[in-house]
Amino acid sequence: MVRCERRLRCIRNQVDTDDPDNYDKVSKTADIEWSDVSSAVDFFAFWIINILDLSVTGIIFYLLLSI
């Protein structure tokens with residue numbers, strides 16, 4: 041199953057699939073791409089959480105000041 045997955049990955053990236061050395065290279069490339077996606081998701085999640093936190097804090101202060 042792992043070999044099939046790696047072979048599909050090699051075909052997708054247009055790497056020679058008959059050379060066993062290419063399997064590791066393609067796996068490393070896929071890992072780097074995943075880390076880029078993961079860091080982008082972390083970045084946007086961080087800002088979304090901050091914006092939500094600020095809006096909740098703003099609502100609390102508004103309610104406190106309006107009393």
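Residues 41 to 107 in our numbering are what the sequence shown spells out, letter by letter. Glycine residues also receive a C-beta, built at the ideal position from the N, C-alpha and C atoms. These numbers were taken from a predicted model, which means no experiment stands behind them.
Helix, strand or coil for residue i per DSSP?
i: I107; result: coil
Between the alpha carbons of residue i and residue j, how many angstroms are there, rounded?
i: F83; j: L92; result: 14 Å
i: T97; j: L105; result: 12 Å
i: Y102; j: S95; result: 10 Å
i: I100; j: I107; result: 11 Å
Go through its chain and collect everything with a Cβ distance to residue i's Cβ below 8 Å, but skip five positions before and after it.
i: S78; result: none
i: V81; result: none
i: M41; result: Residue placement at M41 is poorly supported in this model, since its pLDDT is 41, which falls under 50; the coordinates are not used for a value here.
Which same chain residues, not among the five before or five after residue i, have their C-beta less than 7 Å away from its C-beta?
i: W87; result: none
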